[in-house]
Every structure is written in C-alpha cells, then in structure tokens.
Amino acid sequence: MANHELRAARREAVLRSGAELLREGGLGALQMREVARRADVALGTLYSCFSTKEALFAALYARRLDQMFTVVEEEFNTVTDPRVLFIQFATLYRGLYAEFGREVDLGNLITSDNTFDPDTLQSLIRGTSRSVAAMHRILASLHVDQPDAAVVALWSITSGLAAHFTGPRSAFHQVGWDEAVSYTAEIVVNTLHTREGINHDK
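According to our numbering, the stretch in the sequence shown is residues 81 to 282, in order.
Have a look at this one:
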C-alpha cells in the first residue's frame, strides 16, 4: 500500500473511532489515547492526522454535516409541502445537534482561532452554507419576500427545538418531538403565509 493510501486508511480509522466515542459519551469521551487505541494506530500517528482534540472534533462535525445534507438534498428533490420540508429538516438537524451542537457551537468553530487543516475548515464552512441553502429552499416554496431575515428566524427556531429535545429541558415537556415539530411547522408556515398575504395586498 502506498504511503498516501496508508495515511488515508489510518485517517479513516481514526474518524470512525472518534465518531463511535462521540456517540457513546459525547465530547468528554473523545480522548485522543482512546481514539488511537480503538483505531489501532500509534498516538503519534493520530497527532500527525489531527494535531488537537478540537481539530478531530471539527473534522467529525464536517463529515457529519456532509452526510446530513446528502439526505436533505435527496428529500428536497421529492417533497414540495413546506410543512413536511420543515419537519424533515428539523428532525435531521436535531440528530446533528444531539451529536455535536450541545457542547460546541459551529459558529465558534469557524470564527475562532483554530488549528484545523484548510480542508476541514472549508468543509465546516460548506456545511454551514448548505444549512442556510436548505432553509432558503423551504422559504422559497412560500415565496417569502425577505428570505434573509426569515432564515435567521427559521434557524433560531430549528436550533431551539433541537436544544429543547436533546437536553434536560425535555423532561418538562408534556408533548413529544413529533407533536412539537408538527405544531411548529404549522405555525411557521401559517405565519409566513399570512405575512406574505398582507405584504402582497399592500
């Protein structure tokens, strides 16, 4: 096996092991020695791929974003009901948030000083851009006249739902995820429809 192929295989093993640890115990479980042990690589090899725990986390986050938006784009090609689009996007986002967003904010990863390699940073930026594009897609189906402002609202609502149902606040809710996200979808779509109707009548 050529050196670059061996390095790629080791990097893939590290990413698989890191993803397993995150799913099992969150960010606290992502310990470099344990990642190296599970990936069956030397600790020095691990650090040659990812110089810090944060760099590994960012790479895992970037990969998960890409995986999520592969699904999002496939579903958006077949679904036209904005309520269903919102529910699907919010549900996928909740899964992403449960793995990554509860402990580290994506915006902080992108904007803070970091030791990420350029490819990882670009992947994070690309994933964020795809998130914004997905929300624009939902809003386009409603013919919203202020899509940029609406994206801020939609992003905040989606993040808020994810935070409520992946943390301790969920213990205080009297409804489950399906009911909550369906109700929110109705509110969002009906509100935007009403607003657009008022705007178009002016």
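From the three backbone atoms N, C-alpha and C, an ideal C-beta is built for every residue, glycine too.
Residue i, DSSP secondary structure in three states
i, result
"Thr-158", "coil"
"His-280", "Low local confidence applies: a pLDDT of 42 at His-280 is under 50, so the model's placement there is unreliable, and no value is given."
"Val-121", "coil"
"Gly-207", "helix"
"Ile-273", "Per the sequence shown, the amino acid found at residue 273 is His instead of Ile. In this structure, His-273 counts as helix in the three-state DSSP scheme."
"Thr-238", "helix"
"Asp-225", "coil"
"His-253", "coil"
"Gln-111", "coil"
"Ser-131", "coil"
"Glu-266", "helix"
"Gly-247", "coil"
"Phe-137", "helix"
"Gly-181", "helix"
"Gly-106", "coil"
Beta-carbon gap between residue i and residue j smaller than 9 Å
i, j, result
"Val-115", "Leu-107", "no"
"Val-152", "Arg-210", "yes"
"Ser-310", "Gly-181", "The structure shown does not extend to residue 310, since the chain is modelled only from 81 to 282, so the question has no answer here."
"Arg-217", "Leu-165", "yes"
"His-253", "Leu-222", "no"
"Arg-249", "Glu-179", "no"
"Leu-219", "Leu-234", "yes"
"His-135", "Tyr-177", "This sequence places Ala at residue 135; His is not what is there. Cβ distance not < 9 Å, so Ala-135 and Tyr-177 don't count as in contact."
Closest by C-alpha distance to residue i, when choosing among the options
i, options, result
"Ala-89", "Asp-120, Gln-202 and Gly-247", "Asp-120"
"Val-269", "Asp-161, Asn-157 and Glu-179", "Asp-161"
"Thr-200", "Val-231, Phe-252 and Arg-91", "Arg-91"
"Met-215", "Ser-128, Ala-265 and Leu-123", "Ala-265"
"Leu-110", "Thr-132, Phe-245 and Thr-246", "Thr-132"
"Val-94", "Ala-122, Met-148, His-244 and Asn-83", "Ala-122"
"Cys-129", "Gly-256, Val-231, His-84 and Gln-202", "His-84"
"Ala-230", "Gly-256, Thr-271 and Ala-251", "Thr-271"
(request) Assess, as a yes-or-no matter, whether the region 130-145 is touched by the region 94-105 under the definition of 3 or more beta carbon pairs within less than 8 Å. (result) yes
(request) Please determine if the region 201-210 and the region 224-240 are in contact, where contact requires at least 3 C-beta pairs separated by less than 8 Å. (result) no
(message) Between the region 253-269 and the region 163-173, can you find at least three pairs of beta-carbon atoms closer than 8 Å?
(response) yes
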